[in-house]
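Working notes, beginning with the structure itself.
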Amino acid sequence: MAVAELNSYEILLHQPLKTNQIMKMYKCISKHGCDIYLHQDHLIADGGHLPKLLSFFLFVDLREPILMIVDGDNVGAAFEEIHNCWEENIISTTCRRKYSGSMVNSSTSILV
Numbered sequence: 001m002a003v004a005e006l007n008s009y010e011i012l013l014h015q016p017l018k019t020n021q022i023m024k025m026y027k028c029i030s031k032h033g034c035d036i037y038l039h040q041d042h043l044i045a046d047g048g049h050l051p052k053l054l055s056f057f058l059f060v061d062l063r064e065p066i067l068m069i070v071d072g073d074n075v076g077a078a079f080e081e082i083h084n085c086w087e088e089n090i091i092s093t094t095c096r097r098k099y100s101g102s103m104v105n106s107s108t109s110i111l112v
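This is the structure in structure tokens:
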């Protein structure tokens with residue numbers, strides 16, 4: 001399957017997410033047909049697997065930013081919905097990289 005778009009974001013939280021906020025993110029992934037991956041230090045989670053997603057947020061360090069990688073057809077809408085849901089918990093959000101499908105498919109490796 002070819003990736004239509006791939007974006008990465010750096011998100012810094014000032015308080016932990018509530019379980020319902022994590023559940024909304026999980027549902028958003030299915031709704032928009034995209035894949036989301038989270039990374040922070042030694043923690044990695046595939047947003048499509050609820051147990052891994054919940055575990056990730058149990059161990060997340062609020063002093064460090066989270067790297068969120070979103071790929072699929074509707075990346076912007078998916079990220080916007082997640083951002084709106086988490087808004088009260090976020091200190092800052094930065095878009096690190098944006099790649100179109102042709103850029104992703106033509107590269108053997110990309111920076112996120």
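Counted from 1, the sequence shown has number 13 at position 13 by our numbering; the numbering is strictly sequential. Just so you know, even glycine gets a beta-carbon here, dropped at the ideal spot from N, CA and C.
Inset, instruction - Scan the segment 11–86 and note each continuous alpha helix (DSSP H) run of 4 residues or more that stays entirely inside, going in chain order. - result: 19–32, 50–59, 75–86
Legend entry - CA-to-CA distance, Tyr37 to Ile44, given in whole angstroms: 7 Å
Inset, instruction - May I have the straight-line CA-CA distance separating Arg97 from Ser55, to the nearest angstrom? - result: 26 Å
Legend entry - Which residues DSSP lists as bridging Glu88, in chain order: None; Glu88 has no bridge partner.
Legend entry - Burial state of Cys28 (16 or more Cβ within 10 Å): buried
Inset, instruction - Would you please state the rounded distance, in angstroms, between the beta carbons of Ile90 and Leu13? I believe it to be under 8 Å. - result: 6 Å
Inset, instruction - Taking all protein chains shown into account, decide if Ser8 is buried (16 or more other Cβ within 10 angstroms of its Cβ) or exposed. - result: buried
Inset, instruction - Rounded to whole angstroms, what's the CA-CA distance from Asp41 to Pro65? Just pull it up for me. - result: 9 Å
Inset, instruction - Return the CA-CA distance between Ser100 and Lys52, expressed in angstroms with no decimal places. - result: 28 Å
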